[in-house]
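Report on one structure; see the data block that follows.
Residue numbers (the numbering used here): 127 to 283.
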């Protein structure tokens, strides 16, 4: 059974642009690197050739991964979501009850997660622990660092 990747329009377009870049320029650069390494002589003892082939393999793996993400993508529109509880695309203002600190995260798909932008995956321990919670509820979340208790202060889309 395939798993859906719920993406925003912007996230879908960003991934599609990255895929197109890898398929065109990335593949061309990998082929050029292999051709250049091949010109240097005996392939059985050519470390540059081996490295270029490995890089090409990693590039194709990344292309395959992005194609699967887009193939299983389902676009979601925040105007059709309910802000009464935490769902994908919710911006959730939390209060860490242990350190008494507030933080705001947006729950997104794994493909769009970026901690620098305060976007966390709904599949992460925190994301899973917040899903379905409402304002005022306490979310007790088991993380690799131990149990964290968050109070849901606000939910917006």
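C-beta atoms are modelled at their ideal positions from N, C-alpha and C, and glycine is treated no differently.
Keep in mind that this is a model prediction, so the values were computed, not measured.
What is the rounded straight-line gap between the Cα of residue i and the Cα of residue j?
i: residue 128; j: residue 167; result: At residue 128 the pLDDT is 46, less than 50, meaning the model places this residue with poor confidence; the figure from the coordinates comes in the next sentence. Their backbone Cα atoms lie some 45 Å apart in a straight line.
i: residue 132; j: residue 173; result: 41 Å
i: residue 343; j: residue 273; result: There is simply no residue 343 to check, as the chain begins at 127 and stops at 283 in what is shown.
i: residue 147; j: residue 137; result: 15 Å
i: residue 233; j: residue 154; result: 36 Å
i: residue 197; j: residue 152; result: 21 Å
i: residue 176; j: residue 260; result: 54 Å
i: residue 159; j: residue 231; result: 41 Å
i: residue 171; j: residue 141; result: 38 Å
i: residue 189; j: residue 240; result: 20 Å
i: residue 251; j: residue 271; result: 11 Å
Under 8 Å by Cβ, that's how I've got residue i and residue j pegged, so tell me the actual separation to the nearest angstrom.
i: residue 267; j: residue 255; result: 3 Å
i: residue 238; j: residue 134; result: 7 Å
i: residue 225; j: residue 248; result: Not a contact, Cβ separation roughly 24 Å.
Suppose contacts are defined by Cβ-Cβ distances below 8 Å. Is residue i in contact with residue j by that definition?
i: residue 283; j: residue 217; result: yes
i: residue 139; j: residue 223; result: no
i: residue 279; j: residue 243; result: no
i: residue 145; j: residue 193; result: yes
Using alpha carbons as the reference points, say which of the options lies closest to residue i.
i: residue 179; options: 144, 145, 200, 157; result: 157
i: residue 262; options: 210, 232, 241, 199; result: 210
i: residue 253; options: 143, 163, 212; result: 212
i: residue 130; options: 165, 163, 200; result: 200
i: residue 264; options: 275, 150, 241; result: 275
i: residue 281; options: 270, 269, 221, 250; result: 221
i: residue 183; options: 245, 143, 149; result: 149
With DSSP as the reference, please indicate the residues paired to residue i in a beta bridge.
i: residue 262; result: The partner list for residue 262 (beta bridge, DSSP) is empty, contrary to what the question assumes.
i: residue 232; result: 217, 245
i: residue 172; result: Bridge partners of residue 172: none, in fact.
i: residue 272; result: 269
i: residue 203; result: Answer is none; residue 203 lacks a bridge partner.
i: residue 189; result: Beta-bridge pairing links residue 189 to no other residue.
Does the distance between the C-beta of residue i and the nearest non-hydrogen atom of the ligand GTP fall short of 7 Å?
i: residue 138; result: No copy of the ligand GTP occurs in the structure displayed, which carries no ligand at all.
Strictly under 8 Å for the Cβ-Cβ distance: is residue i near chain C by that measure?
i: residue 176; result: The structure shown contains no chain C; it holds only a single protein chain.
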